[in-house]
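**Student:**
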Amino acid sequence: GAVVSQHPSRVICKSGTSVKIECRSLDFQATTMFWYRQFPKKSLMLMATSNEGSKATYEQGVEKDKFLINHASLTLSTLTVTSAHPEDSSFYICSASQASGRSYNEQFFGPGTRLTVL
Amino acid sequence: QKEVEQNSGPLSVPEGAIASLNCTYSDRGSQSFFWYRQYSGKSPELIMFIYSNGDKEDGRFTAQLNKASQYVSLLIRDSQPSDSATYLCAPSGNTPLVFGKGTRLSVIA
Chain V
1 GAVVSQHPSR
11 VICKSGTSVK
21 IECRSLDFQA
31 TTMFWYRQFP
41 KKSLMLMATS
51 NEGSKATYEQ
61 GVEKDKFLIN
71 HASLTLSTLT
81 VTSAHPEDSS
91 FYICSASQAS
101 GRSYNEQFFG
111 PGTRLTVL
Chain R
1 QKEVEQNSGP
11 LSVPEGAIAS
21 LNCTYSDRGS
31 QSFFWYRQYS
41 GKSPELIMFI
51 YSNGDKEDGR
61 FTAQLNKASQ
71 YVSLLIRDSQ
81 PSDSATYLCA
91 PSGNTPLVFG
101 KGTRLSVIA
């Protein structure tokens, strides 16, 4: 199957700093990537959808100025958590869909990034 | 959006038993479904895709789709403690996928 990587896998930062998380599709081109957040024992929550070369679409309640998403190429999307606060501590997971032409829109998930804001 | 409902569990089964996980959906237009497994602290991984009525088997896993009754199931035969995880179903017609809350399965040794 297709492989999606995320970096870093774990990050601890001080309150007020910014953190960038990278999501890469390693062996396929991803026209669309998705960013999710998951708090302990809670469901996956979609934060935003990013399409290569265009602005991300954010879900209701997600601050676009706080969670900056860039999808500069067909294999890389980044999520930057700006001015992080302890309540931003969570498990951030990206996923990617392959370029058009496939019959089914399965999503391949990265391994996730655990963010802890002190 | 096409939505699904799952019993959040936990569903506890003894080792070696059959675990049955169910997912109901409201949109008759949903034609195919994914089943993902998510271990605690990990991201979801795709384990099954079913697109036609009836059963699809893959090792110890069998997915069942019943379009008339609008449910999709996942059966795990000979359950192992390593199967303990949350199982998520999602209709394939949405982009992005819309997941149910998932069913937490606990296999007790």
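Chains V and R supply the protein sequences, listed in that same order. Residues in the first sequence are numbered from 1 upward in steps of one, following this note's numbering. Residues in the second sequence are numbered from 1 upward in steps of one, following this note's numbering. Just so it is clear, CB atoms sit at the ideal spot from N, CA and C, and this is done for glycine as well. These figures come from a predicted structure and were not determined experimentally.
#1: Decide if the stretch 10-22 of chain V is in contact with the stretch 76-91 of chain V; the criterion is three or more beta carbon pairs, one per stretch, under 8 Å apart.
#2: Quick one: grab the DSSP three-state call for D65 (chain V).
#3: Measuring only the C-alpha atoms, how far is L74 (chain R) from W35 (chain R)?
#4: How would you list, in chain order, the residues of chain R whose beta-carbon sits under 7 Å from the beta-carbon of E22 (chain V)?
#5: For S73 (chain V), list the residues DSSP reports as bridge partners.
#6: Please look up how many angstroms separate the CB atoms of I175 (chain R) and R77 (chain R), rounded, as I've assumed it's under 8 Å.
#7: Going straight from the alpha carbon of A90 (chain R) to that of F99 (chain R), what length do you get?
#8: In whole angstroms, what separates the C-alpha of L65 (chain R) from that of S106 (chain R)?
#9: Nearest CA to the CA of T32 (chain V): which residue from V:L118, V:A84, V:K42 and V:F108?
#10: Along the chain, where does the beta strand (DSSP E) containing L97 (chain R) start, and where does it finish?
#11: Could you name the residues that DSSP lists as bridge partners for M110 (chain R)?
#12: So, helix, strand or coil for D78 (chain R), using DSSP?
#13: Would S90 (chain V) pass as an interface residue toward chain R - the criterion being a Cβ-Cβ separation below 7 Å?
#14: Could you list the residues in the stretch 28-43 of chain V with a C-beta less than 8 Å from some C-beta on chain R, going in chain order?
#15: Give me, in chain order, the residues of the same chain whose beta-carbon lies closer than 8 Å to that of S73 (chain V); leave out the 5 immediate sequence neighbours on both sides.
#16: Tell me which residue opens and which closes the beta strand (DSSP E) that I21 (chain V) is part of.
#17: Considering just the uninterrupted stretch of the beta strand (DSSP E) at E57 (chain R), what are its terminal residues?
#18: Grab the span of the beta strand (DSSP E) containing G6 (chain V) for me, first residue to last.
#19: Starting from T116 (chain V), follow the beta strand (DSSP E) in both directions and report where the run begins and ends.
#20: Would the beta-carbon of L46 (chain V) fall within 7 Å of that of Y36 (chain V)?
#21: If we count the other Cβ atoms within 10 Å of its Cβ and call it buried at 16 or more, is S50 (chain V) buried or exposed?
#22: Would DSSP call E59 (chain V) helix, strand or coil?
#23: Using 7 Å as the threshold, is the C-beta distance between L145 (chain V) and V11 (chain V) below it?
#24: Can you find a CB in chain R that lies within less than 7 Å of the CB of G112 (chain V)?
**Tutor:** So, from the listed chains and residues:
#1: yes
#2: coil
#3: 8 Å
#4: Result: empty, since nearest Cβ-Cβ is about 15 Å, beyond 7 Å.
#5: V:L76
#6: Only positions 1 to 109 of chain R appear in this structure, which leaves residue 175 (chain R) out of reach.
#7: 5 Å
#8: 23 Å
#9: V:F108
#10: Neither: L97 (chain R) is in no beta strand (DSSP E) and is coded neither H nor E.
#11: Since the first residue shown for chain R is 1 and the last is 109, residue 110 (chain R) is missing from the structure and cannot be characterised.
#12: coil
#13: Nearest CB-CB separation between S90 (chain V) and chain R: not below the 7 Å threshold.
#14: Cβ contacts with chain R come from T32, F34 and S43.
#15: E52
#16: From DSSP, the beta strand (DSSP E) with I21 (chain V) extends over V19 to S25.
#17: G54 to D58
#18: Strictly speaking, residue 6 (chain V) in this sequence is Gln, with Gly absent from that position. Counting along the chain, the beta strand (DSSP E) containing Q6 (chain V) begins and ends at V4 to H7.
#19: T113 to V117
#20: yes
#21: S50 (chain V) is buried by the Cβ-count criterion.
#22: coil
#23: Nothing can be reported for residue 145 (chain V), as the shown portion of chain V is limited to 1 through 118.
#24: yes
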